[in-house]
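First residue of the sequence shown: 4, per this note's numbering; consecutive thereafter. For every residue, glycine included, the Cβ atom is placed at its ideal position computed from N, Cα and C. From a predicted model like this one, the values you see are computed outputs, not experimental measurements.
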Amino acid sequence: MRRVTLTDIFLHPITQKYLKRSGVAHAIATAYHAYRLALLYGVNVDLATKAALLHDIGHYEWYSNGTWDYETYKQNDIHAIKGAERAHKLLIRLGEHPQHAKEIALAILLHTDSYLPEGELKRKPLQTIVKLADEADEEPGGKHHYRQIDDELALKKVQQLDRMVEQQMKRDALDQIS
C-alpha cells in the first residue's frame, strides 16, 4: 500500500519550485526510465520512480552572465547531497513510510558521483537504477535540464506513471500470494 503517490509529490509546492529549477521534463523522463529499469532488475517500482522524480531537487543555479555555466556546475555542485535532504524532509512531511523515505533519499544521494572523491562506489540496486535512469536521459552540456514540458502534460504523465506503478504493485502482491 502506497502512502504517498507520485502525484502527491509532484503537486507539492516544494517539488514544483525545485523541479522547475532542475527541469520538469528531465525529472519525469528519468522517472519513466526508472520504472522500466526497476521492472527489468526486480527493484521496487514505487521507490525507484519517486527517487528518480526527485533526483535533481537539490540543484543550485550555476549561472554566469545569464547563462547556465555547466563547467562551474560540474566542478562545484553538490546537488545530490542537498537533494537527498530536501527529498527526505518532503517525503516525511507528506507521510511516506520513514524507511522508504530514507531509501529514496539515499538513492538520490548516490545517483551521481560528481561530488565524491575518485574511486569506485558500491551502490545498492535502487541506487543503481536511479543513476542509470538519470544517465539514460542526459544530454551533452546539461541540456536535459532545459527541455520544456507543458504543466498540464507534465501532470498527466505523472498521473499515468502513478497508474502504472499501482498496477505493478498489485501484480507484485498477487505474485507473493501465489
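Beta-carbon spacing of residue i, residue j below 8 Å
i	j	result
Leu40	Ile132	yes
Ile31	Val161	yes
His58	Ile111	yes
Cβ-based burial, residue i [other Cβ within 10 Å; buried from 16]
i	result
Thr75	exposed
Lys53	buried
Gly144	exposed
Asp154	exposed
Ala176	exposed
Gln96	For the sequence presented, residue 96 should be read as Arg rather than Gln. When all chains shown are included, Arg96 counts as exposed.
Closest residue to residue i among the options (Cα-Cα distance)
i	options	result
Asp137	Tyr35, Met4 and Thr18	Tyr35
Arg211	Thr33, Gln78, His100 and Leu22	For residue 211 there is no data in the structure shown, the boundaries of the chain being 4 and 181.
His91	His82, Lys105 and Gln78	Lys105
Leu50	Val7, Leu124, Glu123 and Lys173	Val7
Lys20	Thr10, His62 and Ala87	His62
Arg150	Asp178, Leu22 and Asp11	Leu22
Leu129	Asp80, Tyr44 and Asn68	Tyr44
Thr33	Ile95, Lys173, Ala55 and Lys77	Ala55
Leu94	Ile12, Ile180, Asp178 and Lys134	Ile12
Assumed close pair residue i, residue j - CB separation to whole angstroms, cut-off 8 Å
i	j	result
His148	Gly26	4 Å
Val168	Val46	Incorrect: roughly 12 Å between the Cβ atoms, too far for contact.
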